[in-house]
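Just so we're aligned, residue 19 is where the sequence shown starts under this note's numbering, counting upward by one.
Notes follow once the structure below has been shown.
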Amino acid sequence: MQAMGHFDLESRKGKAPGGYNYPLDETVVVFIKMNATTTLNDMVTLLHEGGHAIHFFLVMDLIMRDFKHFTPEAAELASMSIELLTMEHWDVFFDHEKDQKGPRNSTWRKSLVRWPG
Ligand SMILES: [Zn+2]
């Protein structure tokens, strides 16, 4: 995706806030757009949207077109799983172990609240 120029990550004036993944079925292309500001939240957002992109790449060859579009719950399962699966490697962004506790707890809390609902 990086080589194809399908990341638009940097913040700039007039750019809409937030982050999202935008898959195109016909061309089998995925774009990720976000407003990075060099925070931990940027990393989590990129992981989350990357999870959506991986999900799309895994289903894009399915014959049944309807199987390529999933419910919000199924979509979030992929993206939030990537956040949780990568959590043990977040230490590369922190100088001290204690600094990771808050972001990790926040991600677990968000996952537990959002998944069932
Ligand atoms: Zn999502």
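Just so you know, even glycine gets a beta-carbon here, dropped at the ideal spot from N, CA and C.
Source: prediction; values computed, not measured.
Residue i: first and last residue of the uninterrupted alpha helix (DSSP H) it sits in
{"i": "P121", "result": "116 to 132"}
{"i": "P90", "result": "90 to 104"}
Beta-bridge partners of residue i, as assigned by DSSP
{"i": "A54", "result": "E28"}
{"i": "N18", "result": "Residue 18 is absent from the structure shown; the chain starts at 19 and stops at 135."}
Nearest candidate by alpha-carbon position, reference residue i, set the options
{"i": "V46", "options": "T104, P121, R83", "result": "R83"}
{"i": "L42", "options": "L64, Q20, G32, K86", "result": "K86"}
{"i": "M78", "options": "V48, E91, Y38, E101", "result": "V48"}
{"i": "W108", "options": "M19, T125, A96, L76", "result": "T125"}
Contact test: residue i Cβ vs ligand 2 heavy atom, cutoff 7 Å
{"i": "E94", "result": "Ligands in the displayed structure: ligand 1; ligand 2 is not one of them."}
heavy atom of ligand 1 below 7 Å from residue i C-beta
{"i": "S129", "result": "no"}
{"i": "H66", "result": "yes"}
{"i": "H70", "result": "yes"}
{"i": "S97", "result": "yes"}
Backbone secondary structure at residue i - three-state DSSP
{"i": "A71", "result": "helix"}
{"i": "K86", "result": "helix"}
{"i": "T45", "result": "coil"}
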